[in-house]
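Please read the structure below before turning to the comments.
In the working numbering, the protein residues as written are 606 to 1284.
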């Protein structure tokens, strides 16, 4: 076992055990504290998965049984009692001793049989009878805080409709939390979510629903009928109430809860730093980088040799510090990929299939936030491949295939993007079955199903209602549907693509954009706006005469060293120039949006077909993406610069062509170009 993996396990497991102990004490004093119970379950579940991956059998067995008991407490099949708390605390103490043996690299002789028997005793006792089914009237009313009340008033002043929503999720829904998340996501698409119970942030953290219901207040320009139709199109919604909302009462201020001190202090052997703190450090590093650029520019203008040396030293030290800080946020993809070998092994045995897993690119480093978010979606893709893609050995032999199926996970980093591919060599997706299921579940009419092409039919598998996870895996725990996989990837600003071939297999491709990082970029001017283009996406920059731009089948292109390259006028594409159409230019098959107009908007300062500007050279930035080239027409090329990538606010995240923003040396904001969206 590699020492690096052991250290990660020891560091994280110690924090999980501390959280479990603290939350158990809180739960004993307040048995209805669902947040504490969810935190205990999350830590135990994660500890179980980690220990199984590392091969620590005793820790896996004990934490797995603890998780089973905690799951019954969460689902209210069993009441929280002092005896149960005592047993869980005792088991936590045993786990700590087992992990201490791991730290000392010694074989453990600790007997866990008594702890296992104690947990099994509670699990074997008769469970609490199920409570009566709740109704809409049982759902608590929402209270708003002062900020939310102000948003309520502003929506009314703008003439928007403000609705109060109450709904029940079907009892037989396998993933109530995922359905609740989809409902709130759909509401946000058509309006603004003022308040909801449960909150979206709680659902993102996979906190369990206290009851299968949603209560929300939101504003929208849509009428009541349209909103109802949006909600009712989501499967497994049992009952809905949508009424005009009146101003709810002000929420009482919550009392500040003090953290309980540790019972004892141990020598710190390692330290974990919250990602939020690293984000703040990165922001400070960005400001330092900006200050460095300003200083270097000032030194160059003064032309003092004595200051040149200091400036060079500062530049070197800042760059070194920048690299070290960047490394603190990165982890190799193997951090999550290594556990998938066990996932595939266990699932294939349960399905009586033989499956090999091939992992390529596990050494590539990703941002920790991305790794945390893609774990569950990746597990679901593996479950899909084994459940529905890979055939049994007998079926594969009959088809002339090897009896052992193959799943490959390939991680790569190209042109500022992270690509994660999950592919299998199974039977592929049966499009006729997809069409039939869509009809059975009311997602399509007969007429719609008959008119859909193969690509549109395949896209149906990401709709709510196509989730097929019905079992609980020993490693993955509780899965998510393919619709939620798509939402999770898109929430990171990424994209989920897939393709299938009959009897050849299915391929899923997760494309993830840059997260918070300091990168090298080319700064350009488009009119008066400054844009940053990731340097790794740029092939070259050139200047050309207006008469070098030709039109081929109504598309603008330029010939560079015998290569015909489509061009995109950035003022038009981003809607910067006055009265310019939001269009792009491509030859057929390039994957870019077409542009049927060839005139130059007034005042654009870019290329013109007029004779008066034939001598004016036009700056062109040639970028590469997915083995294609594209020329970006800009007003001016400023030069290279280190920039800090800052995420966009949620209300502008979906702006086409923009991946983020950065702060320049003069304090102004520049937008960062999203190369992928220019396809």
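Note that CB positions come from ideal geometry on N, CA and C, so glycine has one too.
Under the Cβ criterion (8 Å, minimum of three pairs), the segment 753-773 does not count as touching the segment 712-723. A distance of 9 Å or more separates the beta carbons of residue 1105 and residue 1048. The C-beta of residue 771 has 16 or more other C-beta atoms within 10 Å across all chains shown, which makes the residue buried. Of the candidates 652, 918, 948, 968, the residue whose Cα lies closest to the Cα of residue 986 is 948. Between residue 842 and residue 824, the C-beta gap is not smaller than 9 Å, which leaves the two residues out of contact. The alpha carbon of residue 648 has as its nearest neighbour, out of 1006, 669, 775, the alpha carbon of 669. Counting along the chain, residue 806 sits inside the alpha helix (DSSP H) bounded by residues 805-809.
The continuous beta strand (DSSP E) containing residue 1102 extends over residues 1100-1106.
Beta-bridge partners assigned by DSSP to residue 1018: 1023. DSSP places residue 1109 in the coil class of the three-state scheme, outside both helix and strand. The C-beta of residue 685 has 16 or more other C-beta atoms within 10 Å across all chains shown, which makes the residue buried. Here DSSP, grouped into helix, strand and coil, assigns residue 1126 to strand. Annotated three-state conformation of residue 1007 is coil, per DSSP.
The three-state secondary structure of residue 660, taken from DSSP, is coil. Secondary structure at residue 827: coil, using DSSP grouped into helix, strand and coil. When the alpha-carbon of residue 1023 is set against those of 979, 763, 1169, 816, the nearest one is in 979. Residue 796 and residue 835 have their C-alpha atoms some 12 Å from each other. Straight-line spacing of the CA atoms in residue 957 and residue 997 works out to 7 Å.
Below 8 Å, too few C-beta pairs join the segment 936-947 and the segment 1000-1011 to call them touching: fewer than three. Per DSSP, residue 848 is one residue of the beta strand (DSSP E) stretching across 842-849. It is roughly 6 Å from the alpha-carbon of residue 901 to the alpha-carbon of residue 916. Contact between the segment 1272-1280 and the segment 1128-1137 is present: 3 or more CB-CB pairs across the two stretches fall below 8 Å. By the neighbour-count definition (other C-beta atoms within 10 Å, threshold 16), residue 654 is a buried residue. In this structure residue 1016 touches residue 965 by the C-beta definition: roughly 7 Å separates them, less than 8 Å. Annotation for residue 1059: 1036 place their beta carbon closer than 8 Å to its own, counting only its chain and skipping 5 residues before and after. Contact between residue 696 and residue 671 holds, since their C-beta atoms are separated by about 5 Å, short of 8 Å. Ranked by Cα distance from residue 1268, the first of 1000, 1237, 1228, 887 is 887. The criterion of a C-beta distance shorter than 9 Å is not satisfied by residue 767 and residue 690. Under the three-state reduction of DSSP output, residue 714 falls in the coil class, being neither helix nor strand. For the options 629, 616, 679, the alpha carbon positioned closest to that of residue 708 is the one of 616. The Cβ atoms of residue 645 and residue 693 sit closer than 9 Å to each other. Residue environment: residue 726 is assigned as exposed (fewer than 16 neighbouring CB atoms within 10 Å of its CB, all protein chains considered).
Across the structure, residue 885 and residue 1271 are spaced so that their CA atoms are roughly 21 Å apart. Per DSSP, reduced to three states, the secondary structure at residue 766 is strand. Annotated three-state conformation of residue 1156 is strand, per DSSP.
Here residue 1116 is near residue 1101, since their CB atoms are less than 9 Å apart.
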